[in-house]
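For the sequence shown, this note's numbering assigns the number 6 to the initial residue and increments by one for each residue that follows.
Just so you know, even glycine gets a beta-carbon here, dropped at the ideal spot from N, CA and C.
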Amino acid sequence: MNLIIDVGNTYVKFAVFSKALLKERVVGNVDDFNEMAIDVLKSFPNVRQAIISSVGNLKQSHIDFLKSKLRVLELSHQLKLPFTNLYATPKTLGVDRIALVSASVEQFPDKNVLVIDAGTCITYDFINTKNEYLGGAISPGIRLRYKTLNNLTANLPLLDTQLPDDILGDSTQNSIHSGVVIGVLKEIDGVIDEYVKKYSDLTIILTGGDTNFLSNQLKNSIFANSNFLLEGLNFILEYNSQ
């Protein structure tokens, strides 16, 4: 069994896989890393190896603690990867994006795939039918847009995420909801439309923390999978264990 650990900008996720089957998924704060690891390993004593993907502030002491329990891989561009990386700056490609592209290779082989990860940031990653990663885009996510409006202005409030009733905001709060949420939806649909112009046989994956909130609002046909990154990490771990 495999332990998959995804350290994001906000939370850490622990997932246990038996081959390709997700058995358990736990989400918590990075400060509780060691306690979460102990609880998961107590529940699943057959776990023998782990992979860590971190875009957040994971301490070396946390990694060392896990290495005292298991064989641990730390995801980086230096690992053996199941695709050809044609990014102009391959060393700077985020480990979260590496995992998402790896998942697309495993689950949608020999296809043009656009992976959209809607979390703290919204990332777009494209891999073609030749198994070549070509790049994508990065933009602010929903919560980041709400927080930026509040942090960088004097009078705009910080609001909870809410789907607006209408594009026409009839109050400051409704105007913020319209600007943020409809702006994100139009951005994503617009990016997809541009890719479809170049690749008509495009497979589109939506994942990340805002998957459920966004998936039913987009006009384009997508596959929604909130565990796509975890599945990609599990695939990389297996790929490097062979």
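1. Residue range of the alpha helix (DSSP H) that Gly237 falls in?
2. Is DSSP giving Ala20 helix, strand or coil here?
3. What does DSSP give as the partner residues of Gln54 in its beta bridges?
4. Pull up the CB-CB distance for Leu168 and Val186, whole angstroms please, since I reckon it's below 8 Å.
5. Quick one: residues in its chain with C-beta nearer than 6 Å to the C-beta of Ile241, no 5 flanking neighbours on either side, listed in chain order?
6. Considering only residues of the region 166-211, which uninterrupted beta strand (DSSP E) runs meet the minimum length of 3 residues and lie entirely inside it, listed in chain order?
7. So, helix, strand or coil for Thr128, using DSSP?
8. Put Asp215 into one of helix, strand or coil per three-state DSSP.
9. Per DSSP, which residues does Arg30 bridge with? Please list them.
10. Measuring CB to CB, does Ala123 end up less than 8 Å from Leu219?
11. What's the gap between the Cα of Val21 and the Cα of Leu8?
12. Spatial neighbours of Ser23 within its chain, please: C-beta separation below 6 Å, excluding the five flanking residues on both sides.
13. Going by alpha carbons, who is nearest to Lys152 out of Ser231, Ser176 and His182?
14. Flag Leu154 as yes if its beta-carbon sits less than 8 Å from any beta-carbon of chain C, otherwise no.
Answer, in terms of the structure:
1. In the sequence shown, counting from the first residue as 1, residue 237 sits at position 232. Start and end: Phe233 to Tyr244.
2. Residue numbering aside, residue 20 sits at position 15 when the sequence shown is read from its first letter. DSSP places Ala20 in strand when its eight states are reduced to three.
3. As a first step, residue 54 must be located in the sequence shown, where it is residue number 49. Answer by DSSP bridge pairing, in chain order: Asn7 and Arg76.
4. The residue you call residue 168 lines up with position 163 of the sequence shown. The residue you call residue 186 lines up with position 181 of the sequence shown. Their Cβ separation, rounded to whole angstroms, is 6 Å, which keeps Leu168 and Val186 in contact under 8 Å.
5. In the sequence shown, the residue the question calls residue 241 occupies position 236. Excluding positions up to five away in sequence, the list reads Ser107.
6. none
7. One-based indexing of the sequence shown puts residue 128 at position 123. Correct three-state label for Thr128: strand.
8. Counting from 1 along the sequence shown, the entry for residue 215 is found at position 210. In the structure shown, Asp215 sits in coil (DSSP, three-state: anything other than H, G, I, E or B).
9. Position 25 of the sequence shown, counted from the first residue, corresponds to residue 30. Partner(s): Ala20.
10. Residue 123 sits at position 118 when you count from the first residue of the sequence shown. Residue 219 sits at position 214 when you count from the first residue of the sequence shown. Closer than 8 Å, so yes.
11. For the purposes of this step, residue 21 is taken as residue 16 along the sequence shown, with counting starting at 1. For the purposes of this step, residue 8 is taken as residue 3 along the sequence shown, with counting starting at 1. Taking the straight line joining both Cα atoms gives about 5 Å.
12. Your numbering for residue 23 matches position 18 in the sequence shown. For Ser23, where only same-chain residues beyond five positions count, the Cβ hits under 6 Å are Met6.
13. As a working mapping, residue 152 is identified with position 147 in the sequence shown. Among Ser231, Ser176 and His182, the Cα nearest to that of Lys152 is on His182.
14. Here there is only one protein chain, and chain C is not present.
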